[in-house]
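J.: Quick one: the structure is below, questions incoming.
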Amino acid sequence: MHAIVWACNFAGQANDKFAMAVLGVQTTASVVGAASCQDLKCVTNRIGCEPCRQVTDSSEPQLILDLPDRFVMLKPPGWEVYDQSTERQLLLWLQAMEAQSSSILRDRSLRHGFIHRLDVPTSGLILAAKSYHAYMRIHLQLAAGSMIRDYVILVHGWVAPSLRQLNVRVSWGADDRTTAAGQGKASTTHLKARKHILRQTDALTLAIVRIRTGRRHQIRSHLSHVGHPVVRDGMYAALPTFDHDSSICDRNCLHRIRLRFGDSDGSPYEARDPLSPDFLAALRRPAAQS
Numbered sequence: 119m120h121a122i123v124w125a126c127n128f129a130g131q132a133n134d135k136f137a138m139a140v141l142g143v144q145t146t147a148s149v150v151g152a153a154s155c156q157d158l159k160c161v162t163n164r165i166g167c168e169p170c171r172q173v174t175d176s177s178e179p180q181l182i183l184d185l186p187d188r189f190v191m192l193k194p195p196g197w198e199v200y201d202q203s204t205e206r207q208l209l210l211w212l213q214a215m216e217a218q219s220s221s222i223l224r225d226r227s228l229r230h231g232f233i234h235r236l237d238v239p240t241s242g243l244i245l246a247a248k249s250y251h252a253y254m255r256i257h258l259q260l261a262a263g264s265m266i267r268d269y270v271i272l273v274h275g276w277v278a279p280s281l282r283q284l285n286v287r288v289s290w291g292a293d294d295r296t297t298a299a300g301q302g303k304a305s306t307t308h309l310k311a312r313k314h315i316l317r318q319t320d321a322l323t324l325a326i327v328r329i330r331t332g333r334r335h336q337i338r339s340h341l342s343h344v345g346h347p348v349v350r351d352g353m354y355a356a357l358p359t360f361d362h363d364s365s366i367c368d369r370n371c372l373h374r375i376r377l378r379f380g381d382s383d384g385s386p387y388e389a390r391d392p393l394s395p396d397f398l399a400a401l402r403r404p405a406a407q408s
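Using my numbering, you'd call the opening residue of the sequence shown number 119 and step up by one each time.
As structure tokens, then:
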């Protein structure tokens, strides 16, 4: 069912009413997408709102939002969502936080309730469900394009303001790398260059990215494909570039800064997280130019 909704959304034929009708839920057509900023419940620090959370230790996960049937968490760089490939596991942290954790957090077949993932070196907001019913509803929002996921990235080169969308198919090989080329699954990345930065001999661009699809390593492979690898990306930048980037930042400069979604009764929520101190330090070092 979700695959059909996703296909309709990718073809531009789906909206929130369609998604909710498929699920069999009576709701209005505007669950999230058409909500104005004034209609949103302020759940994290947002321009024009009082901060609901203070940034503390950026090396540890933080619970940003705790709704009756879903969570929003902040994943720091260096943490894996789940899979036991690294010592620091977001799933184990969440299970320890929840004294009476729901069964879906132990169900690997449904990704332990996580709606999406972030790569280990990437930081940002993650949404997870507490129940099977919530998991299906949230995934339907994702398939229908109702959920908004925005990122901040720092990349090499000066991205042209005219470059606003990347439609590049991606595929995966045995080495776990994502290849952006003419074959594979359709994927779309929207971007907007916000600031061109000159740091000694380095030309960099700070950009906002929104993904229409959520393929593995989509943003990193798409930007590398067009000649703008993410700063300090050990997989999609050349090794000399990766080593040089240690003078700019110690981590992958990719951060999911915003999530926008509907709760169990269709009310829209928006969660934002400020950039971590190390990301901000990387932006302060060079002299910025508009």
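Ideal Cβ placement from N, Cα and C applies to all residues, glycine included.
What residue does the alpha helix (DSSP H) around L341 start on, and which one ends it?
T.: Unbroken alpha helix (DSSP H) run through L341: Q336 to H343.
J.: Quick one: residues in its chain with C-beta nearer than 7 Å to the C-beta of S241, no 5 flanking neighbours on either side, listed in chain order?
T.: Around S241: K193, P194, P195, H373 and S394.
J.: Kindly indicate which residue of Y250, V288, L245 and C367 has the alpha-carbon position closest to the one of S227.
T.: Checked all of Y250, V288, L245 and C367; the closest Cα to S227 is Y250.
J.: State yes or no: is the C-beta of Y200 within less than 8 Å of the C-beta of H230?
T.: Yes, these two residues count as a Cβ contact at 8 Å.
J.: For the putative contact between D187 and A252, defined by C-beta atoms under 8 Å, what is the C-beta separation to the nearest angstrom?
T.: Sure, about 4 Å apart at Cβ, within 8 Å.
J.: Could you check if T307 is buried or exposed, using at least 16 other CB atoms within 10 Å of its CB as the buried criterion?
T.: Per the 10 Å Cβ criterion, buried.
J.: Per DSSP, which residues does W290 bridge with? Please list them.
T.: Note: W290 sits in a beta bridge opposite T296.
J.: What is the rounded straight-line gap between the Cα of N285 and the Cα of R330?
T.: C-alpha separation (whole angstroms): 10 Å.
J.: So, are the CB atoms of R369 and F360 less than 8 Å apart?
T.: Going by C-beta atoms, R369 is not nearer than 8 Å to F360.
J.: Kindly give me the distance between the Cβ atoms of L377 and L245, rounded to whole angstroms, as I take these residues to be in contact under 8 Å.
T.: Going by Cβ atoms, the distance from L377 to L245 rounds to 6 Å, so yes, they are a contact pair.
J.: Mapping DSSP to helix, strand and coil, what is M191?
T.: Strand, per DSSP.
J.: Assign R206 to one of three DSSP states: helix, strand, or coil.
T.: Looking at R206 - three-state DSSP - the assignment turns out to be coil, as it is neither helix nor strand.
J.: Going by C-alpha distance, which of Q180, E198, A321 and A304 is nearest R287?
T.: Checked all of Q180, E198, A321 and A304; the closest Cα to R287 is A304.
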